[in-house]
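Novice:
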Amino acid sequence: MSWYEQFLVAGTVVPLIGFAFLVFFGHRLGKPLSGWFTVLVMGTSCVLATCVLFSWHGLSPADRAELTAAAVSNQFYWADMGSVPIKIGVKLDSLTVIMFFMVTFIATWIFVFSVGYMAGHSDEIDGQSKYHRFFTYLCMFAFSMLGLVISSNLLFLFIFWELVGLCSYLLIGFYFDKKFASNAAMKAFITNRVGDFGFLFGLMMVFFFLGTLDLDQAAANFRQQYASSTGLFAIGYSIDLFGWQVSGMTLATLMGVGLFCGAMGKSAQFPLHVWLPDAMAGPTPVSALIHAATMVAAGVYLVARIFRLLTPDAQMVVAVIGCITLTMTALIAIVQTDIKKVLAYSTLSQLGYMIFGLGVGAWTAALFHLMTHAFFKAMMFLGSGQVIEGCHHEQEITKMGGLHKKMPVTCWTFFIGVLAIAGTGIPWTGPGIGGFYSKDEILAAALMRTDHWPPEAEHHAKAAPSDEELESGLSYRLASDSPEHGATDTSAGHDSQPKSEQAHGPSELDHAAAHHVDQAALVARATDSEHPTSPLPKWLFWFPIAIAYVTPFYMMRLWWLTFMGKPRDQHVYDHAHESKLMYVPLVALAVGTFFCSYWVFRPLLADAASAATDATMVVAIDGHAHDADHAVGLMLHHDVHRDLVPIVGFAFLIGFGVAWAIYRNGLELATRISSMPGIAFMHRALRERLYIDQVYDFVLVMGCRGFSRLCSVFDAWVVDMVALLCAALVRRIAAFSGWVLDARGVDGVVNGVASLTKYAGNAVRQPQTGRVRNYVLFAAGSAAVVLLLILAGSGAWSAVVGWIGL
Amino acid sequence: MESSLLSWIVFLPSIGAVAIMLLPKALTRVIAVGTTLTTLVVSLLLFRTFLAGGDPAQAESVFGSGYGFLHYVQRIPWITGEGFTIEYFLGVDGLSFPLLILTTLVMFLSCVASWNFSHWKVNKGRKAYFVLFLLLETGMLGVFVALDFFLFYIFWEIMLLPMYFLIGVWGGVRREYAAIKFFLFTLAGSVLMLVALLGMYFYSADAVHQAMASGGVEGIASGYRPDVMITGGTFDLIELATNQAIQDHFGAASTMLMGFRFAPFAFILLFIGFAIKLPAVPFHTWLPDAHVEAPTPISMILAGVLLKMGGYGFLRICYPIFPGGGHDWAFVIAVIGVISILYGALCAMAQTDFKKLVAYSSVSHMGFVLLGISVMNKTGFQGAMFQMIAHGISSPMCFFLVGVIYDRAHHRRINDFGGLWLSMPKYGSWATLGFFASLGLPGLCGFIGEIYVLLGCFEGRSQFGWAVPMAVLAATGVVLTAGYVLWLIQRVYLGKLREEYAGFPDAGIREVFILAPFGVLAIVLGILPKHTLFNFMNGTLDLMVDHIVSMNRHFDLMNQSYAMLGG
Amino acid sequence: MLEIGLNHYLVLAAIIFCAGVFSMVSKRNAIGVLIGVELVLNAVNINFVAFGKYSGGNTSIDAQVIALFVIVLAAAEAAVAVAICTNYYRNLNTIDIDRGDAVSG
Amino acid sequence: MNQLLGQAWIPEGVDLFRFSPELTLVATIVLVLAVPMIMGRSARLVGGIVMLGIAAAGWLTWRVAAEVSGQGVAGMSPDPASAMLLVDNLSCFFKLILFFFAACVTGMWWMGSSASERNAPEFFVLLLGTALGMALMVGTLNMLLIVIAIELASLPSYAIVAFEKRDRAAAEVSLKYAIFGAISAAIMLYGISLLYGLYQSLSFVEVADGIATDLATGRNGVIIAVALLCFFCGIGFKISAVPFHFWCPDAFQGARIEVTTWLSVVSKAAGLILLMRLVHALAAAAGAEMISALAPLAWGIGILAMLTCTVGNLSAYMQTSVKRMLAYSSIAHAGYMLMVVAILAVPGSVGAASAVSALLVYISIYLFMNLGAFGVVALVYWHTGSDSINAFSGLIRRAPWLAIPMLCCLMSLVGLPPFAGFMGKFWILYALAEQGDAASWLYWTLFVVAVLNTLISLYYYMRVVVKMMLADDGQESVRAPAAGTIMVNLCGLLLIAMLIWAQPIKHFADRFSTNLYSAPVLTVDVGTIDQTTAHP
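Chains as they are written, first to last, in the working numbering: chain E, 1 to 806; chain X, 807 to 1373; chain H, 1374 to 1478; chain Z, 1479 to 2014.
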């Protein structure tokens, strides 16, 4: 094991130890101490992660590839499934390293924040302090999340996936004395389970069709099957699924969609998005850590990890779901008045962007957005926590206003967040912040997929940007401004590719195309109805663009209503205060927001894109993707980002401006606008979250409970009944004899049989009258009947024999 | 290697029972706990072999078998006549070993759980209770180690009466109804088993005699024992499964019993017998009643061990001996399994009685066992077996958790609880662990079994076209399970502290002592399934599946040629 | 003249048998029932004696012996039965056998 | 005269030896009557004499059994070909059972009734009289002796049922019993007369040969059927097979409990063994080629058996008197045992060996179950004066050492392991399955009916168990004589022991059933039968 792995494992295990310690000794440590203990634990992890990150950053791609390969051989033999061994290990690559760092860094500061947040009465449930329990859960969460990040195996990814879900459940329901909190927790878990159902389904398909649950191995097998037209992609391969003949390609799509379902649950994508706004019932640090920065991003992470298993169709599903989510939730965010709800819906919308980005193939950009978003959204949530705690648990922004005087640090760090999420930057030249790079890159990729796809043949000749340029997002951005520069050094681009086997994918594929791919495979691919690189429908581009205008609007609205203007509720305003323990993390995260926008992350992600490079059928159009050469080359050549500027370059200004105009003087104007006919209807629909929750509640929850009650009644009255026939028989006999069955008589199978027996018992005892003459008559009569039978049988023994039929 | 260790394990509880009968009342509980503990410790001695085991060479020298390495074998002729043999034949292999340990463990813990039974305050038949309790243990252990079908049957029935009384005397309000229901259901099942038992004996005799006649020999070689000749019918479960002549005769399309093809018919007789015990829908209705009325420790045993006997029966008898039957009925069994999963979960959701809910959840969980074995592949079998053990850990825990609050609140109406986590924080945490284990949360034991079963189903689709849809349907059960478990937790443990429960004492040392092993096992099994379980049982299960598969292939060929001959 | 042969005896015996059975079934008086039994036994005796006489060439006296035994049996049975009847009468003040239906079901 | 005397047959010493158990019984009867005249009517004294007599008879039987082991011999007959009395393993086996059981019943009497008994000599005369009748019943194939034996077994039993002279119920049931018995006997005699008319022989072996010949040639079908039907009526009465069972519950309920115990086991067992002999003789005479000709016989017995056990079990269902319930249960058990007789009706059947042995095992085990169950009922009855099910309420508290053996016996009657009743049932099912495997589906039908009946029977036995174990209405505890408690507990223990040591029991039964089925005991020269007999 290289020390990288050891550090990562140690960083993961330390929170687990912390958890175990707190479970047993948490109540002894007491109120502030157990919180600080947790910070210490998390800080240790963070230090380890930092070491790994910077050291990793300093490595050459070749060394990284070597380490990645080495990590595979250090796997632990966990179990067999049938005869397939399941091994677990650390997935050591750039994505893991930065995700790991991101999680530990943000978690550490949020833990610090929590110590402050929980210092008051926030740790009380129905009057009892549950301080250490909160931090116990946080430790558990940190462990699960880090485990999820380093898992090399889909099964283990799933296990940690569920564990973070559990922690989320416990933390959302932390104030479980409140009905809405426990409801929200349940909703979160069950909604996630619905997604996990799909995940499980995908997992099964991966296991069955690709014969492994290891991420890399699965991708390799997928690729191999595609190349050699075996397995899933064998010609004419189809299976019977609920009566439909499903072809191999469709199965592959289903597999991808199934896995994506998991992501839909965790990242709260439509139609499983309903749990996330409700999840704000948890303590605010939890909302920041789990429901903004880390756990909800796990879905995106998952899609990134399984990217190589997607088919074009599956990718399209991902894009469409992302697009729907980002649009719908951004619209809902406009009308929310609860500070955390607004942030929650904005989180949903941003997650939608990420998913959408993966759907359109912007692998690096989506993950980059994940990173930046994690920092600024965590920061904003903490800011809101500060506000809420300061205002004595007042969450309505309609009652706030003018808080910038009382909480300046919060106000301005929050403003940085607003700028970041809005994608503020100087068009054409930069520099910008946060979303300016990450979100716009997603939009750029989308634009390219809609407008400039498929790329013309001559772009194949174009080269990738040089290694140094890729090292930083900034230089990349600059490079994109000067296409000629990037095109100069073709060979360098090739050499710079990581030497992992994945990275060699493209050349191998070319090789295979020349020598190995037999005719059958070509036929199979030719017959695929979808061209793997078909352009996107236009609306998939325009919705995200439109929302790029909406985002600054609602963020500005939130910020302005909270911090600017005049106080609308003097009582709340008077109480407002700021605590140092809580704004230090804000500042730290604000710094982090800047940091992550410029250095380390973007180039490492570009490097990590090797995880998507050998995607068999889908296209990653940025980074060192499958078609790295011409994808990036295309981007440079056309300079899509430059094309974007007229479309969204000033979106943040327009959004801010409109928001400022409406909310400058408080809520009057907004109220008037919202009560305008036509708008009022939409306003109400959006306030009610488009009634989706209500529909789910009615159809699914009530439906399920109703059905279950039906089943229960069925169980008590039907299954438990004598086979219906038997009961009917009993009743018939009873009616015949005038013997009325008591209620329990037909209660059940057993009861029915019992009654039948009882009845039969009564019946056969009827002759036992106690009168000997009857006895004699009966006995003699029986004998006589037999005698008559004998005589009737034509009077001959042989005839009797014949009668018996033997 | 002959060893009487298993006999000791099986009959130690009986010895304890006799001791309780003879010694003064004051010692009763001590003896009972001591006996179950001793049994547990002695059964742990088996680990010696199984930790060293997996060594086929050694197993070969021990037993020399094609299927199932048997350990600690003890075989003594019991009832013999002309060509007629019933043996006292005990042995343990990877299939029975985990269940044996589970039984001794659950019995020990539930014995401790019986320590402060509310009936003892009125001093109601303490002696009788523990005597029956220990006799029950003998019966259950016997079932798991008996390898002679006749002996198996005897043990199977022995455990009936003690269970009946344990429910019927110390149970709840409708205890008599529940007890007699349990009794009748089980007896009906065992009666069917008896038919199959005799059929199997005579047909094995026919097979052997035919083989002897056609070969002109005095006896045919045993299927798994070197240097042993078989000259007549047999009850030996391993012999029945491994002897080619017997298998051929059982599987032949021309072998009929009561006008039906023998293998599928005998299979279904056995199947119903075991499915009642499992229990599978629609033979499950005894279970909720029995559970609701039974006292807590007995519920623990019922859920933890008794239900496993059904699953064990499938794996030990139905499938190895009638692989063809398993193949013919696979679809039906899978459907029953899936229905059990979904139907059990839905019924559980609608319950307002805490125990009944847990009881229905058992139906749902055991449905996975059925589904797992129906596809007849390694993953499925492993999953089914794991699910049994996992359920044997999580469900006694859940029942004990119910018992703990029942002791305090004296009712089990879910809707009348609330906020118990606040009044009993330690207990609440254990409860969360227990119910999440039952929910099948990854990282806890319930998950492994479910996922293995589902994956096994997927794997089974090369053989059965319906396997994938079944798996998909079964997987929806995962959502339903989450639904009822979380709803339960919300209603009972979450929410505001209620006055009437505010004064409840938290889980005491004894209670934690019982919960802790279950909790720890739930976690350990979930994290390290291979090292805690699969290592011990996979050898046997894999061999068994190989055997089943090869037999089925063999039958296909055989019956094809039979059909071609115009049979 | 009609020769009286075996068949006549057998038919006579059958008729007596039937009469006996009828009387056993129809009589409520215990003594009447016993008389019915005697009738049946006598039918048997007629049978035996007739068979003994008409079985061709058979010199065995089995039939006659049996008839004697049957007479003895009938006597013994009558003795016991009448004693029981007396006991019955003592307890129930009647010999109507239909009145003795307390033990039933 | 001298010549005649010379021709007369005088039994030799060995004949007398073989007949000695019965002779001992007769001697005991005489002693029981004579000794009180000399030494006063002490009940205990009479009991002692009876015990001694029974012990002597038992010992002699054991000696005889040792002598005849392995071969059937004729006793008390000048002509071995048509022996009046058969002394073979089977009859020895039954006599051993009979004497053992008689000792047990005497023991019961000793505990329960001896203190208040004023008519001990009469009681034992009657009891031993029935014993003598049964002992003869199992040892003969001569129709005359069959009639005499049945009457000898029946007549005293009518009287002994009415032994409580002041008991209205006893008076009532004894009359019913007597009338029913008399009618059955009369009808049986009529059947015998027809058979005699057909074949001019009283030896059933010869008759069977004649029937076989006639069946082979298709003659006399109806008359044979009518004759056999009438014949089996009498035996059916003894076995209390449906529809000749009506007397049984009434008589059992009205009679003293010792008498009920006595009749419930041995009188049925004797009838069954007799029937088995007759059926076997028929099948042996017919030979394997006539399986289908005898099929109606097999079916007839089979249907009778099914009816018997079903009606018995169903009728027991709602009984409130445990004694009466056990009476019905004894009908049901007779039904189970009849099932194996049906196997013997198949000439050369493969299951004959198992069938006979199963029957013997069943009888041996059944003896202990019934003894134990009736024993407990008796002990409870003597204490509470009631045999109603309510008298058993809470027995586990009131008298644990009665409740536990009662539980064992009842569960054994159900046929539940770990009690020997299971072995009994198992061997019967085994025999049925073996036969069903080889022959017609009648046997599988019987199998299924037997199994279903087990389930039905569970319910009513459980009612008593539930009353004993689960109900408690606070009645005072039961004080039972130590000897009685020990006896019933021994029965309970024995029932478990007989499962564990099933092997010796089975071997015992195998040994005593060998020469019945392996070859016909006696062979008859078919030529001696004149088949030209005139008949209508």
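Beta carbons are placed, not taken as given, at the ideal position from N, Cα and C, and that holds for glycine.
Looking only at its chain, what residues have a beta carbon closer than 7 Å to the beta carbon of H/I1470, apart from the 5 residues adjacent to it on each side?
Specialist: Locating residue 1470 of chain H in the third sequence gives position 97, where the first residue counts as 1. Within the same chain, H/I1470 has close Cβ partners R1401, A1403 and V1406.
Novice: Restricting to Cα atoms, I'd like to know which of Z/H1861, Z/V1639 and Z/F1722 is closest to Z/P1959.
Specialist: Counting from 1 along the fourth sequence, the entry for residue 1959 of chain Z is found at position 481. Checking every option, the nearest Cα to that of Z/P1959 belongs to Z/H1861.
Novice: With H, G and I counted as helix, E and B as strand and the rest as coil, what does DSSP make of Z/L1653?
Specialist: Residue 1653 of chain Z sits at position 175 when you count from the first residue of the fourth sequence. In the structure shown, Z/L1653 sits in a helix (DSSP, three-state: H, G or I).
Novice: According to DSSP, is H/I1434 part of a helix, a strand, or is it coil?
Specialist: Working through the third sequence from its first residue, we reach residue 1434 of chain H at position 61. Coil at H/I1434, not helix or strand.
Novice: On the three-state DSSP scale, how would you describe X/Q1053?
Specialist: Locating residue 1053 of chain X in the second sequence gives position 247, where the first residue counts as 1. DSSP places X/Q1053 in helix when its eight states are reduced to three.
Novice: Any C-beta of chain H sitting closer than 9 Å to the C-beta of E/L789?
Specialist: Residue 789 of chain E sits at position 789 when you count from the first residue of the first sequence. No, E/L789 lies away from the interface with chain H (no Cβ there is under 9 Å from its Cβ).
Novice: Considering Cα atoms alone, identify which of Z/W1879, Z/D1687, Z/F1724 and Z/F1571 is closest to Z/I1983.
Specialist: For the purposes of this step, residue 1983 of chain Z is identified with residue 505 of the fourth sequence, where counting begins at 1. The candidate whose alpha carbon is nearest that of Z/I1983 is Z/F1571.
Novice: Could you pull out every residue in the same chain whose Cβ sits closer than 6 Å to the Cβ of X/A1017, ignoring the five residues on either side in sequence?
Specialist: In the second sequence, the residue the question calls residue 1017 of chain X occupies position 211. Closer than 6 Å at Cβ, skipping near neighbours: I1026 and A1051.
Novice: For chain Z, check one thing: does any of its Cβ atoms lie closer than 9 Å to the Cβ of H/A1392?
Specialist: The sequence position of residue 1392 of chain H within the third sequence is 19, counting from 1. No, because no Cβ of chain Z sits closer than 9 Å to the Cβ of H/A1392.
Novice: Could you name the residues that DSSP lists as bridge partners for Z/M1965?
Specialist: On the fourth sequence, position 487 is the one that residue 1965 of chain Z refers to. Z/M1965 pairs with nothing; no bridge assigned.
Novice: Beta strand (DSSP E) containing X/G887: first to last residue?
Specialist: Residue numbering aside, residue 887 of chain X sits at position 81 when the second sequence is read from its first letter. Segment H877 to G887, the beta strand (DSSP E) holding X/G887.
Novice: List, in order along the chain, the chain Z residues whose C-beta lies closer than 8 Å to that of E/R133?
Specialist: Residue mapping note: residue 133 of chain E aligns to position 133 of the first sequence, counting from 1. Going along chain Z, no residue has its Cβ under 8 Å from E/R133, so there is no contact; the nearest lies around 46 Å.
Novice: If I measure Cβ to Cβ from E/Y573 and keep anything under 6 Å in the same chain, skipping five residues before and after, which residues do I get?
Specialist: Looking up residue 573 of chain E in the first sequence gives position 573. Answer for E/Y573: P567, listed in chain order.
Novice: For E/P603, which of helix, strand or coil comes out of DSSP?
Specialist: To locate residue 603 of chain E, count along the first sequence from 1; it is residue 603. Three-state DSSP puts E/P603 in a helix.
Novice: Mind the definition here: the segment 1725 to 1734 of chain Z touches the segment 1649 to 1662 of chain Z only if three or more C-beta pairs lie below 8 Å; say whether that holds.
Specialist: Short answer: they touch.
Novice: Give every residue of the same chain whose Cβ lies closer than 6 Å to the Cβ of X/K1114, excluding the five residues on either side of it in the sequence, and list them in chain order.
Specialist: Translated into the one-based positions of the second sequence, residue 1114 of chain X becomes position 308. So the list reads L905, M1194 and G1198, once near-sequence residues are dropped.
Novice: Taking DSSP as the reference, what is the three-state secondary structure of X/T891?
Specialist: Along the second sequence, read from residue 1 onward, the residue named residue 891 of chain X stands at position 85. In the structure shown, X/T891 sits in a strand (DSSP, three-state: E or B).
Novice: Assuming contact is defined by CB atoms lying nearer than 9 Å, are H/A1416 and H/I1388 in contact in what I supplied?
Specialist: By one-based count along the third sequence, residue 1416 of chain H stands at place 43. By one-based count along the third sequence, residue 1388 of chain H stands at place 15. In this structure, H/I1388 lies closer than 9 Å to H/A1416 by Cβ.
Novice: Starting from the beta carbon of X/E1265, find every residue of chain E whose beta carbon is closer than 7 Å, and list them in chain order.
Specialist: Position 459 of the second sequence, counted from the first residue, corresponds to residue 1265 of chain X. Near X/E1265 (Cβ distances below 7 Å), the residues of chain E are G82 and F208.
Novice: Smallest Cα separation from Z/N1620: which of Z/L1673, Z/F1925, Z/G1491 and Z/A1747?
Specialist: Sequence index remark: in the fourth sequence, residue 1620 of chain Z carries index 142 (1-based). Nearest C-alpha to Z/N1620: Z/L1673.
Novice: In this structure, what does DSSP give as the bridge partners for E/G432?
Specialist: Taking the first sequence and counting its residues from 1, one reaches residue 432 of chain E at position 432. According to DSSP, which records beta bridges pairwise, E/G432 is partnered with E/G425.
Novice: On the three-state DSSP scale, how would you describe E/G231?
Specialist: Against the first sequence, residue 231 of chain E aligns to sequence position 231. Helix, per DSSP.
Novice: Would you grab the beta carbon distance between Z/V1943 and Z/L1885 for me? Rounded to a whole angstrom, and I think it's under 8 Å.
Specialist: As a working mapping, residue 1943 of chain Z is identified with position 465 in the fourth sequence. As a working mapping, residue 1885 of chain Z is identified with position 407 in the fourth sequence. Correct: roughly 6 Å between the Cβ atoms.
Novice: Hey, does H/S1399 have any beta-carbon neighbour from chain Z nearer than 9 Å?
Specialist: For the purposes of this step, residue 1399 of chain H is taken as residue 26 along the third sequence, with counting starting at 1. No, H/S1399 does not count as interfacial toward chain Z.
Novice: Taking the alpha carbon of E/M582 as the point to measure from, which residue in E/S228, E/L403, E/V764 and E/G383 has its own alpha carbon closest?
Specialist: For the purposes of this step, residue 582 of chain E is taken as the residue at position 582 of the first sequence. Nearest option by C-alpha distance: E/G383.
Novice: Short of 7 Å Cβ to Cβ, which residues in the segment 1148 to 1175 of chain X face chain E?
Specialist: Cβ contacts with chain E: Y1149, L1152, C1153, M1155, A1156 and Q1157.
Novice: Measure the C-alpha to C-alpha separation of Z/M1803 and X/G931 and round it to an integer number of angstroms.
Specialist: Taking the first residue of the fourth sequence as 1, we reach residue 1803 of chain Z at position 325. Taking the first residue of the second sequence as 1, we reach residue 931 of chain X at position 125. When rounded, the distance between both Cα atoms is 29 Å.
Novice: Taking Z/S1793 as the query, report the chain E residues whose CB atoms sit under 8 Å from its CB, ordered along the chain.
Specialist: Mapped onto the fourth sequence, residue 1793 of chain Z falls at position 315. Residues of chain E passing the Cβ test: G761, V764, R765 and Q768.
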